[in-house]
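Residue 64 is where the sequence shown starts when you use our numbering, and the numbers rise one by one after that.
Note that the Cβ used here is the ideal one computed from N, Cα and C, for glycine as well.
In this text, all values refer to a predicted model and were calculated from it rather than measured experimentally.
Read the structure below first, then the notes.
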Amino acid sequence: MKPDTLTRPAAVGLGLALLWFSILVLIPLAAIVLSSTAGGWQQFIGTITDPQTFAALRLTVLQALGAALVNVVVGTTIAWVLVRDRFPGKAILEVIIDIPFALPTIVAGLVLLSLYGPESPLGINVVNTQQGIFLALLFVTLPFVVRTVQPVLLELDQDVEEAAASLGASRFTTFRRVMLPALMPAITAGASLAFARAISEFGALVLISGNTPFVTEVASLKILKFIESDNRAAAASVALVLLVVSLAVLVALDILQRKVARRG
């Protein structure tokens with residue numbers, strides 16, 4: 064039996080796809096790696112281990128992880144309600160969920176500043192606090208989990224749930240053994256997208272974080288400071304760390320969803 068071979072049109076399409084992917088992704092990533100080590104690995108390590116830079120990275124990663132975890136629970140719950148329940152105003156809620164997608168991030172920051180700033184009509188001021196950063200990240204990342212889980216829920220056959228219930232399985236057991244393995248790939252995909260967005264967020268934070276070193280300074284704003292001071296190698300070093308952390312989280316979530324799927 065002859066091995067599969069690419070037809071000429073398929074080979075051309077594959078070549079164009081690889082070229083386009085290289086231009087948009089591979090070459091810029093390679094440039095970041097080269098720029099981060101332009102001054103040598105000693106300078107790279109010195110930049111990352113600088114107390115102020117390390118504090119910004121730690122704050123960013125922890126806040127992004129927290130926002131992703133909260134939105135995994137809340138986003139999955141919202142998706143479940145939108146798919147399984149009927150209630151007045153459901154169409155409006157569907158539109159509201161997508162608002163963070165539609166708003167430019169700087170506009171999102173302005174909205175949050177108006178609602179939770181010094182002149183807040185609610186009497187809540189979270190500007191220049193870590194709580195404000197967390198709130199902004201929750202706002203911009205919520206739709207990712209909802210919109211990745213919702214289509215999978217729509218495709219799930221409820222007859223399987225009813226069969227499990229008829230065999231005496233509790234709702235929790237049915238969810239853990241039947242629903243969760245089917246939903247886990249979508250949940251982890253949504254969590255990955257939410258984390259990647261949160262760890263790199265800039266516009267929603269520039270107005271509300273206050274950018275105080277060691278307190279509310281996040282990595283994206285630290286990169287901006289390095290760029291403004293014409294220290295591109297340091298900016299690239301921070302960007303490279305964010306990239307490595309994002310890839311590590313993606314791999315960890317993929318391993319997790321595979322284990323859950325096997326146990327299900």
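### Message
If you follow the alpha helix (DSSP H) that R121 is in, where does it begin and where does it stop?
### Response
Against the sequence shown, residue 121 aligns to sequence position 58. Counting along the chain, the alpha helix (DSSP H) containing R121 begins and ends at 114–147.
### Message
I need the straight-line Cα distance from F265 to L176, nearest angstrom please.
### Response
Along the sequence shown, one-based indexing puts residue 265 at 202. Along the sequence shown, one-based indexing puts residue 176 at 113. Their Cα atoms are separated by approximately 14 angstroms.
### Where L303 falls: helix, strand or coil (DSSP)
Position 240 of the sequence shown, counted from the first residue, corresponds to residue 303. Note: L303 maps to helix in three-state DSSP.
### Task
Please state whether DSSP places A101 in a helix, a strand or coil.
Here residue 101 is taken as the residue at index 38 of the sequence shown, counted from 1. If DSSP states are grouped into helix, strand and coil, A101 belongs with coil.
### Cβ-based burial, K153 [other Cβ within 10 Å; buried from 16]
Working through the sequence shown from its first residue, we reach residue 153 at position 90. The residue in question, K153, is exposed, as its Cβ has fewer than 16 Cβ neighbours within 10 Å.
### Query
In or out: T275 buried (at least 16 other Cβ within 10 Å) or exposed?
The residue given as residue 275 occupies position 212 in the sequence shown. Label assigned to T275: exposed.
### Where D293 falls: helix, strand or coil (DSSP)
As a working note, residue 293 is residue 230 in the sequence shown. Coil at D293, not helix or strand.
### Query
If we call anything under 9 angstroms between Cβ atoms a contact, is V135 one with I250?
Along the sequence shown, one-based indexing puts residue 135 at 72. Along the sequence shown, one-based indexing puts residue 250 at 187. Going by C-beta atoms, V135 is nearer than 9 angstroms to I250.
### Message
Between E291, L217, V308, K322, which has its C-alpha nearest R147's C-alpha?
### Response
Numbered from its first residue, the sequence shown carries residue 147 at position 84. Comparing Cα-Cα distances from R147 to each of E291, L217, V308, K322, the minimum goes to L217.
### Exposure label - E280; buried when at least 16 CB within 10 Å
Numbered from its first residue, the sequence shown carries residue 280 at position 217. So E280 counts as buried.
### Query
What's the gap between the Cα of A245 and the Cα of D113?
The residue you call residue 245 lines up with position 182 of the sequence shown. The residue you call residue 113 lines up with position 50 of the sequence shown. A245 and D113: Cα-Cα distance of roughly 44 angstroms.
### C-beta atoms of V203 and P163 nearer than 9 angstroms
Your numbering for residue 203 matches position 140 in the sequence shown. Your numbering for residue 163 matches position 100 in the sequence shown. Against a cut-off of 9 angstroms, the Cβ pair of P163 and V203 comes out as a contact.
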